[in-house]
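Worksheet for the structure shown next.
Residue numbers (the working numbering): 13 to 101.
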């Protein structure tokens, strides 16, 4: 019963490591030949705004807090946005 519950012979951690190794080592030849998919360019945070609202104060309708992060754009990012926009419109 202890082995079934992960208590003996390395237990669940050993089994998980074997699965992780199997996934990590499967298809390594294919991964080397296949380029990674394209991704969006990184955006750099340039500002943070934190605010709150309280029910009944200054017209507030609920209690909440939030945070907004402003991100700097780049010419490459703008080209990606334009391409997505042109695809849909």
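The beta carbon of each residue, even a glycine, is placed where N, CA and C say it ideally should be.
- Within the same chain, 81, 82 come within 8 Å of residue 59 by CB-CB distance, once the 5 residues on both sides are set aside.
- Distance between residue 97 and residue 66, taken at the CA atoms: about 37 Å.
- In this structure, residue 77 places its C-beta atom within 8 Å of the C-beta atom of residue 64.
- Here residue 53 really is in contact with residue 89; their C-beta atoms are around 5 Å apart, less than 8 Å.
- According to DSSP, residue 69 shares a beta bridge with no other residue.
- The beta carbon of residue 61 lies closer than 6 Å to those of 80 in the same chain, with the five residues before and after it left out.
- Only residues of its own chain outside the window of five on either side were considered, and among them 52, 53 have a CB closer than 8 Å to the CB of residue 92, listed in chain order.
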